[in-house]
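This report refers to the structure that appears directly beneath it.
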Amino acid sequence: MSALLDATPHVFQPGADTGPVILGLHGTGADERQGLELARLVAPGQPVLAPRGSVREGSAARWFRRHAEGVFDVDDVIARAADLADLVAEARSAYALDERVILAVGFSNGANMALATTLLHPAALPETIAFSARWPLGDRAPAADLAGTRITLLNGDADAMAPLADVERTVREAVARGADATSHVRPGGHG
Numbered sequence: 218m219s220a221l222l223d224a225t226p227h228v229f230q231p232g233a234d235t236g237p238v239i240l241g242l243h244g245t246g247a248d249e250r251q252g253l254e255l256a257r258l259v260a261p262g263q264p265v266l267a268p269r270g271s272v273r274e275g276s277a278a279r280w281f282r283r284h285a286e287g288v289f290d291v292d293d294v295i296a297r298a299a300d301l302a303d304l305v306a307e308a309r310s311a312y313a314l315d316e317r318v319i320l321a322v323g324f325s326n327g328a329n330m331a332l333a334t335t336l337l338h339p340a341a342l343p344e345t346i347a348f349s350a351r352w353p354l355g356d357r358a359p360a361a362d363l364a365g366t367r368i369t370l371l372n373g374d375a376d377a378m379a380p381l382a383d384v385e386r387t388v389r390e391a392v393a394r395g396a397d398a399t400s401h402v403r404p405g406g407h408g
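All residue numbers for the sequence shown refer to the numbering used here, where the first residue is 218 and numbers rise by one.
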C-alpha cells in the first residue's frame with residue numbers, strides 16, 4: 218500500500234469486475250462500517266472502499282473541521298478534499314482499480330466531503346451521490362471545468378443542517394461549470 222492509505226483506517230471489499238468502485242463516506246460520529254453499508258445499499262456487488270475520516274470532534278470521527286454546527290472550516294475542507302483525492306489515487310494503485318470510475322456515496326459530513334472533492338478534484342472523483350449535503354466551499358469557487366462529472370443530491374425539505382438554498386446553490390454552481398447535477402427533495406429532515 219502507500220503512506221496515506223496505510224495511515225487511514227479503511228475497508229476495501231472486492232466486487233464486480235465492471236462498473237464503478239464505490240467510495241463510501243460516513244457521517245459525523247460513524248466510521249468506515251457506515252460507509253460500507255451505504256455503498257452496499259446504493260450499489261450492491263460493486264467493489265467498495267470505505268475509509269474513516271481523520272478529524273476528531275470529541276470522540277466523533279469527521280472528514281473536516283467546523284467552527285460550529287453548520288459553519289465549516291473551509292480551508293480545512295479544501296485541504297481534506299485534496300487528501301481524499303490523494304487517497305483515491307493511492308487506492309487505485311494498491312487495489313489494482315486501474316481506470317475504473319470512482320463513485321462517491323456519502324452521508325452528511327461524508328456527503329459534504331464527497332461534494333468538495335468532486336467540485337475541486339473532478340478527475341479523482343467524477344461522480345457523487347450525496348445524502349443530506351450542503352454547499353461545502355463557503356465563498357470559494359469550485360474547479361473551472363466540471364464537464365464529465367455527475368452530482369446527485371438527496372435532501373429533506375426540512376433539513377436545518379442542509380438548507381435547500383445550499384442544495385440549490387450546489388446544483389447551480391456545478392451546472393454552470395459543465396457538471397450534470399441534480400437534486401431530489403423528499404419530505405423530512407436530516408437523515
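Cβ atoms here follow ideal geometry from the backbone N, Cα and C, with glycine treated the same way.
Name the one or two DSSP bridge partners that residue i has.
{"i": "Ile319", "result": "Val238"}
{"i": "Ile368", "result": "Thr345, Ala398"}
{"i": "His227", "result": "Pro268"}
{"i": "Arg279", "result": "Val272"}
{"i": "Ala220", "result": "For Ala220, which the question treats as bridged, DSSP gives no partner whatsoever."}
{"i": "Val288", "result": "Ala285"}
{"i": "Arg357", "result": "In the DSSP output, where bridge partners are listed per residue, Arg357 has none listed."}
{"i": "Arg403", "result": "Gly373"}
What distance in whole Å lies between the Cβ atoms of residue j and residue i, which are believed to be in contact at a cut-off of 8 angstroms?
{"i": "Ala364", "j": "Leu337", "result": "With 8 angstroms as the limit, Ala364 and Leu337 do not qualify as a contact, their Cβ atoms being about 15 angstroms apart."}
{"i": "Leu242", "j": "Trp280", "result": "7 angstroms"}
{"i": "Ala328", "j": "Ala278", "result": "Not quite, the Cβ-Cβ distance comes to about 15 angstroms (not below 8 angstroms), so this is no contact."}
{"i": "Gly373", "j": "Arg351", "result": "Between Arg351 and Gly373 the Cβ distance is about 12 angstroms, and since that is not below 8 angstroms, they are no contact."}
{"i": "Pro339", "j": "Thr366", "result": "5 angstroms"}
{"i": "Leu332", "j": "Ala313", "result": "About 27 angstroms separates the two Cβ atoms, so there is no contact after all."}
{"i": "Ala298", "j": "Thr245", "result": "With a Cβ gap of about 17 angstroms, Ala298 and Thr245 do not count as contacting."}
State yes or no: is the C-beta of residue i within less than 7 angstroms of the C-beta of residue j?
{"i": "Leu266", "j": "Ala308", "result": "yes"}
{"i": "Ala398", "j": "Val384", "result": "no"}
{"i": "Phe324", "j": "Leu255", "result": "yes"}
{"i": "Gly232", "j": "Gly262", "result": "yes"}
{"i": "His401", "j": "Met378", "result": "no"}
{"i": "Ala311", "j": "Thr345", "result": "no"}
{"i": "His227", "j": "Glu249", "result": "yes"}
Is DSSP giving residue i helix, strand or coil here?
{"i": "Ala267", "result": "strand"}
{"i": "Ala247", "result": "coil"}
{"i": "Ala311", "result": "helix"}
{"i": "Gly373", "result": "strand"}
{"i": "Arg351", "result": "coil"}
{"i": "Arg297", "result": "helix"}
{"i": "Arg257", "result": "helix"}
May I ask you to check if the CB of residue i is nearer than 6 angstroms to at least one heavy atom of the ligand FMN?
{"i": "Glu344", "result": "For the ligand FMN, the structure offers nothing, since it holds no ligand at all."}
- Counting Cβ pairs, one atom from each stretch, are 3 or more of them under 8 angstroms apart for the region 285 to 299 and the region 234 to 245? no
- Task: Determine, using beta-carbon pairs with one atom in the region 222 to 233 and one in the region 317 to 327, whether at least three such pairs fall under 8 angstroms.
- Result: no
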